[in-house]
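*Asks:* Let me begin by handing over the structure; questions about it come next.
Protein chains in written order, with this note's numbering: chain A, 17 to 563; chain B, 3 to 122.
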């Protein structure tokens, strides 16, 4: 192409950039307008259009030489998208969002394209597939494991060679990976395979090893290769299923890690909250230390970040007060301060802190540190609070959750339902088909409950064959529909034992928080409703009513 | 010198991409929505079709699905401003061969040319 044509095209490009910049004020007007409407009318249509404009701006700004516009729009987009995914009141993100929009307005007005280096792109939030990949070398064995785990509701895909396995993981993130330690005749071939997988897999699925080797050497090899669990033959599939559940629970998107930041510096907290949100965590900023203890109970953070120097109460004092509560002992406390003197830092740690971070801190450093601490704390806490067979909350946790929710309901006026479920004639199942079958029935119900209940609600194993549900922000009729549906689905499940098929049913009792005087009262009333369901023939759901 | 079909609803972005690719001596045709894109792709012989994933009426994913269902076997590349892997995965599942992220980077033209030569 002639040089002149090239020059003409280049000039055209410059004109395009100018056009983009010229259009910006009008787009900002639209953004400002939509944001005002969305806030005052809480109107979904405006919010969606707002999201659309921000998405487009994020995707185009840098292309036209306005990188800072892309970055800021992206921040706004992620924040707004987060709100749309987990609807709360728009007011919860109002301040943060308004600040970002203000910055956007400022960038457009000043029209000084910055050449600053862009912060790392927001980490991608991966979608977890449901299937578990199993790399094995014994087809009969693998098929057996596959069908046994199917009874627990877990789906396996079998692989015999590593290259097809790796190819598959390029486009699909398996929920977990199981590897036979013996592969291709090599008794330790599995460990090599795991190393290969880890280095080529761009995803983070937990890896479980099945092995004949019981010696320390083998376990060390497994650990060094990067395995998360080690099972020795003969494999107890119920244990395997439980471990799979536990290992994959922390990878659930909807169970984002929760960080609480206690800092009187509002602006800084908001800034760090945005960074943490971009990294897929949920952040709550607390500016008054006096509110901390109550809010910890409500928010259930995985990690708490405490500013050392606050008016009224310093960070160390607050840490001690938090440690007064045995139920919060498991939460790691991280101090956060401009304090650079080592002695002070050490003293802070001595008061019950787990780590000391110095301000200012690089965002990625903050994200990594908090993520590691929060994830580990949650894993440990789950071990303590979760029933090992079902992965559901234990009795004590459910009761505590119930208490917290009841208090919140009294305070906010938003009521909820508590449901008690009991498997009908469970003793008969154990006596006729054995305890392993009994366990399968329980895990199956647990899975159904977990899958069909909304995030935010709680599911617990209350007793041997008793389960409890907390359905938040729920009217009695809606709760009834949900529980009726659960009852029906469970009744349809076929269980197979030595060729014979059988079914199991459950009974349920529901109580609405408005009709109870206390959380203990709610338990009693739900129990009464459950008793009525049994009396009325089982395989049914009853609601507690005063009449 | 490649024949490129660009399916993109934003007029400025479209012009920008056309210009940049033209500067590299490529022949670019434009479509402004998914439906038009599908029709044009099926009628012409393009070395590569660039599909914007975020369009009103019919978006890139739908267009890709329709094209593959009609037996289209040419190179389809999704162009997306989304950072979520599930959006990228759904583009691939719909039949796209690869993905290019927005905002468009400086090496956009190189990436396109590499994709085309790899597919030959």
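Here a beta-carbon is modelled for each residue, glycine too, at the ideal position from N, C-alpha and C.
Going by beta carbon distance, what residues of the same chain come within less than 8 Å of residue 314(A), once the five residues before and after it are set aside?
*Replies:* If we look at residue 314(A) and ignore the five residues flanking it on each side, its Cβ neighbours are 420 and 424.
*Asks:* Is it the case that the segment 241 to 260 of chain A contacts the segment 357 to 372 of chain A, given that we only count it when at least three CB pairs across the two stretches are under 8 Å?
*Replies:* The segment 357 to 372 of chain A, when compared against the segment 241 to 260 of chain A, does not touch it at the 8 Å Cβ threshold.
*Asks:* Flag this pair as touching only if the segment 536 to 547 of chain A and the segment 5 to 24 of chain B have three or more C-beta atom pairs under 8 Å; answer yes or no.
*Replies:* Flag = no, the segment 536 to 547 of chain A and the segment 5 to 24 of chain B do not touch.
*Asks:* Can you look up residue 460(A) in the DSSP assignment and give me helix, strand or coil?
*Replies:* Residue 460(A) falls in the helix class under three-state DSSP.
*Asks:* Looking at chain A, which residues of the segment 20 to 45 of chain B have a Cβ within less than 8 Å of any of its Cβ atoms?
*Replies:* So the close ones are 21, 22, 24, 25 and 27.
*Asks:* Counting pairs of Cβ atoms below 8 Å between the segment 501 to 516 of chain A and the segment 525 to 545 of chain A, do you hit three or more?
*Replies:* Contact fails: fewer than three Cβ-Cβ distances are below 8 Å.
*Asks:* State the beta-bridge partners of residue 151(A) as determined by DSSP.
*Replies:* Looking at the DSSP assignment, residue 151(A) forms a beta bridge with 175(A) and 195(A).
*Asks:* Would DSSP call residue 473(A) helix, strand or coil?
*Replies:* Three-state DSSP puts residue 473(A) in a strand.
*Asks:* Taking only the alpha-carbon atoms, compute the straight-line gap between residue 1(B) and residue 26(B) and give it to the nearest angstrom.
*Replies:* Because chain B in this structure spans residues 3 to 122, residue 1(B) falls outside the shown range and cannot be described.
*Asks:* I need the boundaries of the beta strand (DSSP E) containing residue 300(A), first residue and last residue.
*Replies:* Residues 298 to 302.
*Asks:* Residues bridged to residue 44(B) by DSSP?
*Replies:* Bridge partners of residue 44(B): none, in fact.
*Asks:* Could you list which residues in chain E have their beta carbon closer than 8 Å to that of residue 120(A), in chain order?
*Replies:* The chain inventory of the structure shown lacks chain E, comprising the protein chains A and B.
*Asks:* Would you call the segment 295 to 314 of chain A in contact with the segment 250 to 261 of chain A, where contact means no fewer than 3 C-beta pairs closer than 8 Å?
*Replies:* No contact exists between the segment 295 to 314 of chain A and the segment 250 to 261 of chain A.
*Asks:* Do you know offhand how far residue 551(A)'s Cα is from residue 523(A)'s?
*Replies:* So the two alpha carbons sit approximately 10 Å from each other.
*Asks:* Does the segment 84 to 97 of chain B come within contact of the segment 54 to 61 of chain B, defined as at least 3 CB pairs closer than 8 Å?
*Replies:* At 8 Å Cβ cutoff, the stretches touch.
*Asks:* Count the other CB atoms within 10 Å of the CB of residue 317(A); is the residue buried (16 or more) or exposed (fewer)?
*Replies:* Looking at its Cβ environment, which holds 16 or more other Cβ atoms inside 10 Å, residue 317(A) is buried.
*Asks:* Buried or exposed for residue 332(A), going by 16 or more other Cβ atoms inside 10 Å?
*Replies:* Classification of residue 332(A): buried, given that the 10 Å Cβ count is 16 or more.
*Asks:* Identify whether residue 513(A) lies in helix, strand or coil by the three-state DSSP scheme.
*Replies:* Correct three-state label for residue 513(A): strand.
*Asks:* Do you know whose CA, among 235(A), 560(A), 205(A) and 486(A), lies nearest residue 414(A)'s CA?
*Replies:* Of the candidates 235(A), 560(A), 205(A) and 486(A), the one whose C-alpha sits nearest the C-alpha of residue 414(A) is 486(A).
*Asks:* Under 8 Å between C-beta atoms, does residue 191(A) make it to chain B?
*Replies:* No, residue 191(A) does not count as interfacial toward chain B.
*Asks:* Check whether chain B comes within 8 Å of residue 132(A), counting only Cβ atoms and requiring the distance to be less than that.
*Replies:* For residue 132(A), the predicted structure reports a pLDDT of 39, less than 50, and the residue's modelled location is therefore unreliable. The matter cannot be settled from this model.
*Asks:* Taking buried to mean at least 16 other C-beta atoms within 10 Å of its own C-beta, is residue 195(A) buried or exposed?
*Replies:* So residue 195(A) ends up on the buried side.
*Asks:* Taking 8 Å as the threshold (C-beta atoms), are residue 80(B) and residue 101(B) in contact?
*Replies:* Cβ atoms of residue 101(B) and residue 80(B): closer than 8 Å.
*Asks:* With DSSP as the reference, label residue 170(A) as helix, strand or coil.
*Replies:* Residue 170(A) falls in the coil class under three-state DSSP.
*Asks:* Closest by CA to residue 349(A), which one among 385(A), 555(A) and 109(A)?
*Replies:* Cα-wise, what sits closest to residue 349(A) is 385(A).
*Asks:* Here's a check: name, in chain order, each residue in its chain whose Cβ is nearer than 7 Å to the Cβ of residue 393(A), leaving out the five neighbours to either side.
*Replies:* These residues qualify, in order along the chain: 318, 319, 346, 347 and 348.
*Asks:* Mind checking which residues open and close the beta strand (DSSP E) that includes residue 246(A)?
*Replies:* From DSSP, the beta strand (DSSP E) with residue 246(A) extends over 245 to 248.
*Asks:* Distance check for residue 507(A) and residue 232(A), CA to CA, integer angstroms please.
*Replies:* Distance between the alpha carbons of residue 232(A) and residue 507(A): 46 Å.
*Asks:* What would DSSP say about residue 526(A), mapped onto helix, strand or coil?
*Replies:* Of the three classes helix, strand and coil, the one that applies to residue 526(A) here is strand, per DSSP.
*Asks:* Please confirm whether residue 77(A) has its beta-carbon closer than 8 Å to some beta-carbon of chain B.
*Replies:* For residue 77(A), the answer is yes, since a Cβ of chain B falls inside 8 Å of its Cβ.
*Asks:* Verify the CB distance criterion: does residue 18(B) have a CB-CB separation below 8 Å to chain A?
*Replies:* Yes - at least one Cβ of chain A is within 8 Å of the one on residue 18(B).
*Asks:* Helix, strand or coil for residue 570(A)? Go by DSSP, reduced to three states.
*Replies:* For residue 570(A) there is no data in the structure shown, the boundaries of chain A being 17 and 563.
*Asks:* To the nearest whole angstrom, what separates the beta carbons of residue 293(A) and residue 95(A), a pair I think is in contact under 8 Å?
*Replies:* The Cβ separation is near 6 Å, so the contact holds.
*Asks:* Thinking C-alpha only, which one of 104(B), 68(B) and 69(B) is nearest residue 83(A)?
*Replies:* Nearest option by C-alpha distance: 104(B).
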